[in-house]
Amino acid sequence: MAANMESNAPELDKVAGEAIKVTQDDNGVLVITLDMPGRSANVLNDQLSEPFAALIRRIEEDESVTGVILTSAKRDFLVGADIDGLYEITEPADALRLADEYKAMLRRLETCGKPVVAALNGSALGGGLEMALACHYRITVDSPKLKIGLPEVKLGVLPGGGGTQRLPRLIGIQAALPLLNEGKELRPDKALEKGIIDELASDVDDLLARARKWVAGQIESKAKPAQPWDKKGFKWPGGDSRSPANGQMWAIAPSMLNQRTHGNYPAPLNIMSAVFEGGLVDFDTACKIESRYFAELVVSREAKNMIGTLWYQLNKINRGESRPDGHERTQVKKLGVLGAGMMGAGIAYVSAKVGIQVVLKDVDQEAAERGKAYSENLEDKAIKRGRSTPQKKRELLDRILPTGDANDLEGCDLVIEAVFEDRELKGKVTEETEAVMDPKGVFGSNTSTLPITGLAKRSSRPDQFIGIHFFSPVEKMPLVEIIVGEQTDDETLARAFDYVQQIKKTPIVVNDSRGFYTSRCFGTYVMEGVALLAEGQHPRAIEQAGLKAGMPVGPLALEDEVSLSLGLHVMEQTRKDMEAEGKEYKPHPADAVIRKMVEELDRPGKKAGKGFYEYPENGKKHLWPGLAEHFPLADKQLSQQEMIDRMMFAQANETARCVEEGVVTEVADANIGSIFGWGFAPFHGGTIQYINSIGGTERFVARARELAAAYGERFQPAKLLEDMAAKGENFPAR
Ligand code: NAI
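Just so you know, my numbering puts 44 at position 45 of the sequence shown, and the rest follows in order with no gaps.
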């Protein structure tokens, strides 16, 4: 046997085509390397699966082949199906065919009669992990960058290549379900612990050496390679679906799922059904069951919404479509953070974590040290969870210089101020800082409410002044809203954009306006919930409607979190500002409730331990019983759907106004901003996609007019939507 199939078995290489490279060693072991041309990653599509299927047929037939090592020449092993293909499918029969074909191919691989080992040089996700699961053994390089998982659920579908059947048979139903239902991506050590991976390697050379050794051992043992589920007398780890050990779990699983999803996400439900039903039958029948549940999801509205926004539009943002062209990519070297409070401390942490030198400045050394301690605390927690090491912690902390002296800001190429929300103070620190920082550097403000153009008036370089608005808690929230002031130049925007990506967050770009984009639209949700209370709707029904609408928290609980006193403050500030601009402030029906709660009833929110909810020290929070007395129930209680419509239309309509006013210019920014920023129902695909999702602009405008007639002018559809509806236009869905 020759060392290379190209010379000795040209027909095999021909079969493999361009996307797959094949070599064969002296012992007859094939090394199949996935390496799709012209792509940075391997994806499952016809270009890969057709030659792969042909290759498997040859492996079955060619007696010179003694074993197979499957690996990839890309950074990742294989990270899933070609989303374009999935997104375009509208007929369940087409989805069914796709899943059946892929499954049939993997089935042949695992029953080919030769030992097959997956040598995972990089991440194996979705269809990639399904391919590895169809191998008889899995070895992976032990790198923290490498991920193993079945994340399909996050795009509203399920693994249709046998993943819902192989994983439970391999590691047990109870261990598999959370991985399938949450789409968790594991690092190699965790995947080993769970039994998904059989062995770890130190690097790619070690990986291939181990793979060869395993295959050689199999050949030598002369055992016929077979999957556990194909062996006689196969026993499910932890029992199949009938087993009493799983009975209790199955009894409560549907209600637990419903508590989490409120019935809005068909994917986890279908996954659970596929696992349960598949656990009652043989493997091949189980695969057919999986395909049917897969097909139903692929054509679902929810999957289209999630793929459109969380795949296509998110990729657009990550590629930098909102970043001005013609400016070189930059990296921040030395960051100044003004204010070491809740936000400043978090900003310092996420920046130091990616290697940026941070000067953390507060009024004095002591206050700055307190801010730095936040990083220490987070790192201690991370070490406990195995996500950091004492050395990494030390290095991270060494990068943060706490100080009370503005002179330490010298040379900073970016400064972000996060001092109190006070215009005068922000002006003062801007002047003080610009005197010492790098004159070519960018000054960013993390203000949550003050318009950027106004703050930039105190800057000597307003073209280098920009809003960089973080969300709390900074280390957890994935979004940063970049606000372009009237005078902000393109280079400053590009640099702020690069910084946000440098700290591994998602930037959206909006223009200056009161509340910018996120706070303004998020506010409409909370305010609508409070308005419902003012009308005498039952508070529990209001909260329930918010959750059923797909929001992460009910509106009253959310208002408590944000704090009613802050709400009152913003309300008054807005009224003052508008009057100063000669504009009329139109009170929202929620205003009176918030004022009464704060001023009359002394219930300013969660921080004070009392708001719409009570926060008993040793118990769970619950709605304040006093609400019944102060906001008595109306005779007419609205249907849940009516309340949901009000909360959702309020947010979508306000977003459309932001588009109309030019505050938001990209649909992707609006949708991603709403999901990442305030948790707007992901299954609707974001605030703009919601309009598509319920039937388009025409339907939206008609319903908004009904709501306006019943509940007030605030529901009057945005002019932009009326114009679009009249012309039969809709927003792009991806
Ligand atoms: P905070 O009250 O926790 O921290 C403010 C810090 O600024 C304090 O440590 C204070 O000592 C310091 N400070 C005051 N004067 C200073 C000076 N001259 N030089 C340096 N530091 C000084 O406030 P928080 O919550 O961190 O908010 C800061 C900013 O971030 C505000 O503008 C706020 O509106 C904004 N923001 C807050 C969010 C939140 O959820 N808390 C979310 C997004 C933005």
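Even glycine gets a Cβ: it sits at the ideal position worked out from N, Cα and C.
Query                                                                                                                                                                                      : Result
With burial defined as no fewer than 16 other Cβ atoms inside 10 Å of the residue's Cβ, what is the status of N3: buried or exposed?                                                       : Per-residue confidence for N3 stands at a pLDDT of 41, beneath the threshold of 50, marking its modelled position as unreliable; no derived number is given.
Going by CA-CA distance only, name the one from G343, F293 and A627 that's closest to N445.                                                                                                : G343
Taking one C-beta from the region 64–77 and one from the region 34–41 each time, how about it: are there three or more such pairs within less than 8 angstroms?                            : yes
Go through the region 151–234 residue by residue and report every complete run of the beta strand (DSSP E) that reaches 3 residues or more, in order.                                      : 198–200
What's the C-alpha gap between G126 and D239?                                                                                                                                              : 24 angstroms
Which of helix, strand or coil does DSSP assign to P401?                                                                                                                                   : strand
In the DSSP assignment, find the unbroken alpha helix (DSSP H) run with A372 in it and report its ends.                                                                                    : Q364 to K383
Taking F699 and P716 to be in contact with their CB atoms under 8 angstroms, please state how far apart those CB atoms are, rounded to whole angstroms.                                    : 7 angstroms
What are the start and end residues of the alpha helix (DSSP H) that includes K315?                                                                                                        : L313 to R318
Give the single residue among L563, P150, L105 and R106 whose Cα lies nearest to the Cα of S122.                                                                                           : P150
Give me, in chain order, the residues of the same chain whose beta-carbon lies closer than 8 angstroms to that of K718; leave out the 5 immediate sequence neighbours on both sides.       : E659
Going by DSSP, what residue range makes up the beta strand (DSSP E) through H629?                                                                                                          : That residue, H629, is in no beta strand (DSSP E); its alpha helix (DSSP H) goes L626 to H629.
Apart from the five residues on each side of it in sequence, which residues of its chain come closer than 8 angstroms, Cβ to Cβ, to F648?                                                  : F699, R702, A703, L706 and F714
Pull up the distance between the alpha-carbon of G335 and that of G37, whole angstroms please.                                                                                             : 41 angstroms
Verify whether the separation of the beta carbon atoms of V529 and V569 is less than 8 angstroms.                                                                                          : no
Any heavy atom of the ligand NAI closer than 7 angstroms to the beta-carbon of F521?                                                                                                       : no
So which of F282, L256 and D283 has the shortest CA-CA distance to I270?                                                                                                                   : L256
What residues match up with T139 in a beta bridge as DSSP calls it?                                                                                                                        : L119 and L199
Which whole-angstrom value is the C-beta distance of D511 and I482, which I expect to be below 8 angstroms?                                                                                : 6 angstroms
Count the other C-beta atoms from every protein chain shown that fall within 10 angstroms of the C-beta of N7, then say buried if there are 16 or more, exposed otherwise.                 : Caution applies to N7, whose pLDDT of 43 falls short of 50 and renders its modelled position unreliable; the value that the coordinates give is listed next. With fewer than 16 Cβ atoms within 10 Å of its Cβ, N7 is classed as exposed.
Can you tell me which of the three DSSP states M723 falls into?                                                                                                                            : helix
I'd like to know whether the C-beta atoms of V21 and S321 end up nearer to each other than 8 angstroms.                                                                                    : no
F442 by DSSP, collapsed to three states: which one?                                                                                                                                        : strand
Is K360 a contact residue of the ligand NAI, with contact defined as CB to any heavy atom under 7 angstroms?                                                                               : yes
Assign N3 to one of three DSSP states: helix, strand, or coil.                                                                                                                             : Residue placement at N3 is flagged as unreliable, the pLDDT there being 41, under the threshold of 50; a coordinate-derived value is accordingly withheld.
Can you list, in chain order, the residues of its chain whose CB lies under 8 angstroms from that of K547, leaving out five sequence neighbours each side?                                 : H261, G262, N263, Q639 and I643
Does DSSP put L77 in a helix, a strand or coil?                                                                                                                                            : strand
Beta-carbon within less than 6 angstroms of A15's beta-carbon, same chain only, minus the 5 sequence neighbours each way: which residues are those?                                        : V21, P50 and L54
CA-CA distance, K303 and H587?                                                                                                                                                             : 35 angstroms
If you reduce the DSSP assignment to three classes, tell me which class S350 lands in.                                                                                                     : helix
Might you give, ordered along the chain, the residues of its own chain that have their beta carbon closer than 6 angstroms to the beta carbon of P323, omitting 5 neighbours on each side? : D489, L492 and A493
Are the beta-carbon atoms of A495 and I465 separated by less than 8 angstroms?                                                                                                             : yes
Using a Cβ-Cβ cut-off of 8 angstroms (strictly less than) and excluding sequence neighbours within five positions of L95, which residues of its own chain qualify?                         : S290, R291, F293 and A294
With DSSP run on the structure shown, which of helix, strand or coil describes Y612?                                                                                                       : strand
Could you tell me the alpha carbon to alpha carbon distance between V298 and P91, rounded to whole angstroms?                                                                              : 6 angstroms
Going by Cα to Cα distance, which pick from Q636, G354, P227 and M646 is closest to V525?                                                                                                  : M646
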